[in-house]
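Structure, as structure tokens:
Protein chains: 2
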Amino acid sequence: MITPKINFTPGPSQLYFTAEDHAKNAFREGIPSLSHRSTKFEAIYREATDGLRELLGIPAGFHVLFTGSATEIWERIIQNLVERKSLHFVNGSFSKRFHEVALQLNRTSDAIDVPPGQGFAGDIQVSKDTELIAITQNETSTGVSVPLSILKELRTRYPELLIAVDAVSSLPYPDFDYNVVDTVFFSVQKGFGLPAGLGVWIVNERCLAKANAMLNRNISIGSYHNLPSLVQHEAKFQTPETPNVLGIYLLGKVVGDMLRVGIHRIRKDTEYKAALLYQELNAHALINPFVKSPEWQSKTVIVADTGASTKAITERLLARGLQPGDGYGAGKATQLRFANFPTHAREHYEWLCDIIKSF
Amino acid sequence: MITPKINFTPGPSQLYFTAEDHAKNAFREGIPSLSHRSTKFEAIYREATDGLRELLGIPAGFHVLFTGSATEIWERIIQNLVERKSLHFVNGSFSKRFHEVALQLNRTSDAIDVPPGQGFAGDIQVSKDTELIAITQNETSTGVSVPLSILKELRTRYPELLIAVDAVSSLPYPDFDYNVVDTVFFSVQKGFGLPAGLGVWIVNERCLAKANAMLNRNISIGSYHNLPSLVQHEAKFQTPETPNVLGIYLLGKVVGDMLRVGIHRIRKDTEYKAALLYQELNAHALINPFVKSPEWQSKTVIVADTGASTKAITERLLARGLQPGDGYGAGKATQLRFANFPTHAREHYEWLCDIIKSF
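Have a look at this one:
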């Protein structure tokens, strides 16, 4: 079997095109055996977080913290920010799992449930004792993306609630207004094109205050990765535990490369590539976009209803060196997913669309 | 500054001498963008855990699970195995932190506290409601190692209690009798000489039964990384979350290399190198072993009282391309620590001893 040249699976995905070279340099510089209490590590932490602040427009007053995965962040958010009750927008497998984490941690948790592939319509009711609203801004399983206007609307209607945004498979694309969210998080193996094993947790002072208030009332908020512990270590550009030093180093380097390309161009390219593929899917006789409403179609994870042609299309793409992502869960046999991340070039998408068109 | 040729810091430490080549192969083979739900990943999981079972003599009936760090495992052990009360043997900074994790998770937790550098003597009293005894088998901060006979004695006296062993900075050296322990854990950046960002958690069926019993009584045992969830995924050679795939791959490869050397030879070399350095420290006019009792002296993290000579010795070693580890905490200005891991060759230790002798 030839190794596919371009990987469109939505995560882990194609590495960012500079990642391998940075990894080689890391070994040359002794990064993997560097002490996480050294000033050199502190510079690495700082390079990654300063770079992310610039790339994503994260304002002062937000902390940028590291965990082992975004899955871990689901748990830390519930542990540190929810004493009794959270509300989850559920429209696929990952948003559902975030909701389940709250239940596993013995919180009360409501869910606004819509069928996979659909957006959230109508008047949203939030019960009075809710403390946090959890939004999966980009549902990797179904390719539904929540428009940013909804975050603003929720903030306006419920200013006292914390708003947590899972942006695992959309960042660095969405241009969040950090005034209307309290915490945003992602993992590095999707849009940032890096080896898995690192989660990035962005939180504001309201989150920290909530965690401290719970701690003061003797509610356990976890140990080494509780929010006050993470923030105390961040002040020294360190982590509580020995972290994935290599992962943090690579993140800093790739973010630096993205800054050189420019976030504006990355966003424009993302939109161009998404438009190409959706156009192709809309025009195709056998294949359709799974998400029907353009307003809810993800630009970064594009899900195609490929039906009975799934196997044949997969084989055609693989033969040309393109690896599509399988459909998720119930969609495994009848859908394909295509990641549209910064490492996927315009040429890759043009090539992908040509092959689909020819089918 | 020239990069030191040999790193004796006790973790992250010198990489295993084959690690960099394996990392290069990993990128060549597309490991960093491999799906963690693919059969290729399952083979990688299996290679690492089968290798560890063989290398460490882990019997059937024990599960081998992956986390983000050993620090995470402290938390998971308390969360999953302790409903009310744990007992911790504390003789340094890391055993103390394990004890503190239990308190942070709102458990009652006793500690048998001895001064840094000393072993545990006299009759050990365990209060009646204790569920788990936590032993830091090798205290990285002070270089005290708990003799394996104590584990056997505890098991004989308290057969109903779970025994948890932190072997972070000793494995693969100690030859544990898995009949007298219930869970053992480590992280890969010490004795295994790998980039940080992966913890290995070895647990038996008694641990799983305890976690399930707590869960059945509606006590939260965490979410994605609770023990039943980890074990269910292990049955498919998978993990609940997207893990550090590259780290698991590298672990499997380095364990394979260690198997080719042979665990018997690794252990004999460890003892030879430790004997060399302790002999040198015992004979030296200005430098002494911090741990006085040979029975309690660690073979894998050797701490030297270097007193007023600390800075001068450090400079002499650095000038020859050897990086010693700083003393930990209170010992920072007056001690040096030397890791004695499988990647440290006999020649490295002979060289180290020559320089110390000449001082």
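Each protein sequence line maps, in turn, to chains A and B.
Counting from 5, one number per residue, gives the positions in the first sequence under the working numbering.
Counting from 5, one number per residue, gives the positions in the second sequence under the working numbering.
Built from N, CA and C at the ideal position, the CB exists for glycine as well.
Taking all protein chains shown into account, residue 221 of chain B has fewer than 16 neighbouring C-beta atoms within 10 Å of its C-beta and is therefore exposed.
Following the DSSP letters along the chain, one finds residue 256 of chain B inside the alpha helix (DSSP H) bounded by residues 249 to 265. Pairwise C-beta distances place the stretch 177 to 192 of chain A out of contact with the stretch 227 to 241 of chain A, as fewer than three of them are shorter than 8 Å.
A direct Cα-Cα distance of roughly 13 Å separates residue 349 of chain B from residue 22 of chain B. For chain A, none of the residues of the stretch 135 to 166 of chain B brings a beta carbon within less than 9 Å of one of its beta carbons.
The beta-bridge partner set that DSSP reports for residue 203 of chain A consists of A:71, A:191. With respect to chain A, the C-beta atom of residue 282 of chain B has no partner C-beta closer than 8 Å. Taking each of B:26, B:35, B:15, B:20 in turn and checking the Cα distance to residue 201 of chain A, the smallest one comes out for B:35.
Close CB contacts of residue 192 of chain B within its chain, under the 6 Å cut and outside five residues either way in sequence, are with 198, 202, 255 (chain order). Taking C-beta atoms under 8 Å as the contact rule, residue 66 of chain B and residue 208 of chain B qualify, at a distance of about 5 Å.
In this structure, the straight-line span from the alpha carbon of residue 313 of chain A to that of residue 290 of chain A is close to 8 Å.
The beta carbon of residue 188 of chain B sits no closer than 8 Å to any beta carbon of chain A. Around the C-beta of residue 161 of chain A, fewer than 16 other C-beta atoms lie within 10 Å, and the residue is accordingly described as exposed. For the pair of segments examined, the stretch 281 to 301 of chain B was found to touch the stretch 349 to 363 of chain B: the number of CB pairs separated by less than 8 Å reaches three.
Setting aside the 5 residues that flank it on each side, residue 86 of chain A is surrounded in the same chain by 111, 135, 136, each with a C-beta closer than 6 Å to its C-beta; the list follows chain order. At a beta-carbon threshold of 8 Å, the residues of chain B lying near residue 249 of chain A are 16, 199, 200, 201, ordered along the chain.
Close CB contacts of residue 58 of chain A within its chain, under the 7 Å cut and outside five residues either way in sequence, are with 263 (chain order). Remark: C-beta atoms of residue 211 of chain B and residue 243 of chain B do not approach each other more closely than 8 Å. Think of a sphere of 8 Å around the beta carbon of residue 13 of chain B: the chain A residues whose beta carbon falls inside it are 37, 39, in chain order. Around the CB of residue 32 of chain A, fewer than 16 other CB atoms lie within 10 Å, so the residue is classed as exposed. Spanning the alpha carbons of residue 159 of chain B and residue 297 of chain B requires a straight line of approximately 24 Å.
Taking the CA atoms as reference points, residue 18 of chain A sits about 31 Å from residue 82 of chain A.
The Cβ neighbour count for residue 204 of chain A, taken over all protein chains shown within 10 Å, is at least 16; the residue is labelled buried.
The alpha-carbon separation between residue 347 of chain A and residue 20 of chain A amounts to approximately 5 Å. Against chain B, a Cβ distance below 8 Å from residue 244 of chain A picks out 75. Residue state for residue 164 of chain B is assigned as coil, using DSSP reduced to three classes. In this chain, the beta strand (DSSP E) harbouring residue 307 of chain A covers 305 to 309.
Along the stretch 125 to 173 of chain A, the beta strand (DSSP E) occurs as fully enclosed runs of 3 or more residues at 136 to 140, 166 to 170, listed in sequence order. Just so you know, the alpha carbons of residue 153 of chain A and residue 155 of chain B end up roughly 60 Å apart. At a Cβ-Cβ threshold of 8 Å, residue 114 of chain B and residue 131 of chain B count as neighbours. In this structure residue 146 of chain B is in contact with residue 120 of chain B, their Cβ atoms being roughly 5 Å apart against a cut-off of 8 Å.
Put simply, the backbone Cα of residue 52 of chain B is about 7 Å away from that of residue 253 of chain B. Just measuring C-alpha positions, the residue of A:305, A:328, A:215 sitting nearest residue 316 of chain A is A:328. Along the length of the stretch 14 to 79 of chain B, whole beta strand (DSSP E) runs at least 3 residues long occupy 66 to 71, reported in chain order. Each of A:84, A:237, A:259 was checked against the Cα of residue 56 of chain A, and the nearest Cα belongs to A:259. Residue 222 of chain B sits in coil when the DSSP states are folded into three classes, being neither helix nor strand.
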